[in-house]
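Position one of the sequence shown corresponds to residue 1 (the UniProt record's numbering), numbered consecutively onward.
Glycine residues also receive a C-beta, built at the ideal position from the N, C-alpha and C atoms.
If you're wondering where the values come from, they're calculated on a predicted model, not measured in any experiment.
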Amino acid sequence: MAAQYDNTDAFQGASFTMADLSATTFRSCDLRRVKIVDSWLMDVNVSGEIRNFRVNDVDVTPYVEAELDRRHPERVRLREMRTAGDFRAMWETIERLWSETLARAERLPEAARHERVDDEWSLVETLRHLVFATDAWAGRAILDAPDPFHRLGLTHSGYPPEDAAALGLDLDARPSYAEVAQARAGRVALVRGILDDLTDAGLERACTRAPAPGYPEEPRTVGGCLRVVMEEECEHRRYTVRDLATLQAR
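Printed below as a string of structure tokens:
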């Protein structure tokens, strides 16, 4: 069985020479300032926050961003949001896109909605994560709700399980798609309610609570928190569309 390294800094600053790293998986890792020289990079799949990414001395970041914008024009609208009206229009777009995507998913068998593609989150897991993201950035940070977290919420992979349990989350739950869809619908309505009464001045209101325990204490505004929610929605829908294509092809 291949070795597995979790939550370690043992390789920080390390140098690998003539090492066989084929079929290795790096997930939620800090790979900033990594240098790969005279190596074989074929059939490689890289995803995440990509900036200043040079391949054979060519920065491919602008090409990647432009191609993603072409495929997913909602990304452009997301970056261009300025007014409360922009935020409302963006959320309407997100709701429409997700409605179309879930309609595709609901034509698949229940088992397929729980199936992982290349060990990425299944559709059900993705929706559970969006429930958590909305609870954290909208329910807790914006609305300052005393107990905002739905038990079916799913944190990002690096969040300590004991902290998730303290929030009332059941990470080991195995809910049906219908159960998760119901929780998700409530969170979509919650964001819509925030946006209904939002003003331009309200976008700049300071949020005094961090999204969840363990998140850095730093200045946050209503607009900034809403932007995080919408970025999560857009990016995870992109992954979902990608994986649905694979599931439908099967």
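- Taking C-beta atoms under 8 Å as the contact rule, residue 130 and residue 149 fail to qualify, at a distance of about 13 Å.
- DSSP, reduced to helix, strand and coil, places residue 206 within a strand of the structure shown.
- Judged by DSSP secondary structure, residue 99 falls within the alpha helix (DSSP H) whose first and last residues are 84-105.
- Remark: three or more beta-carbon pairs, one from each stretch, lie closer than 8 Å, so the stretch 216-229 and the stretch 132-148 are flagged as touching.
- The DSSP-derived three-state label of residue 220 is strand.
- A check of alpha carbon separations from residue 39 across 54, 92, 18, 99 identifies 18 as the nearest.
- In the DSSP assignment, residue 182 falls within the unbroken alpha helix (DSSP H) covering 177-196.
- With the rule of 3 Cβ pairs closer than 8 Å, the stretch 159-166 does not count as touching the stretch 110-127.
- In the three-state DSSP reduction, residue 119 falls in the coil class, being neither helix nor strand.
- Per DSSP, residue 78 is one residue of the alpha helix (DSSP H) stretching across 74-80.
- Boundaries of the alpha helix (DSSP H) harbouring residue 71: 61-71, taken from the DSSP string.
- For residue 237, the secondary structure class from DSSP, reduced to helix, strand or coil, is helix.
- For residue 113, the enclosing alpha helix (DSSP H) starts and ends at 110-113.
- DSSP places residue 229 within a helical segment (H, G or I) once states are collapsed to three.
- Listed in chain order, the non-local C-beta contacts of residue 127 below 6 Å within the same chain comprise 180, 184, local neighbours out to five positions each way being set aside.
- Rounded to the nearest whole angstrom, the CA to CA distance from residue 124 to residue 41 is 32 Å.
- Here DSSP, grouped into helix, strand and coil, assigns residue 27 to coil.
- DSSP links residue 58 through a beta bridge to 55.
- The DSSP-derived three-state label of residue 44 is coil.
- 92 is the residue among 92, 3, 14, 242 whose C-alpha sits nearest the C-alpha of residue 194.
- DSSP places residue 166 inside the alpha helix (DSSP H), whose first and last residues are 161-166.
- Between the stretch 71-91 and the stretch 229-243, the count of Cβ pairs shorter than 8 Å is three or higher; the stretches touch.
- Annotation for residue 61: 50, 51, 52, 53 place their beta carbon closer than 7 Å to its own, counting only its chain and skipping 5 residues before and after.
- Here residue 159 has 212, 214 as same chain residues with Cβ atoms under 8 Å from its own Cβ, once five neighbours each way along the sequence are excluded.
- Pairing residue 197 with residue 55, the inter-Cα distance amounts to about 47 Å.
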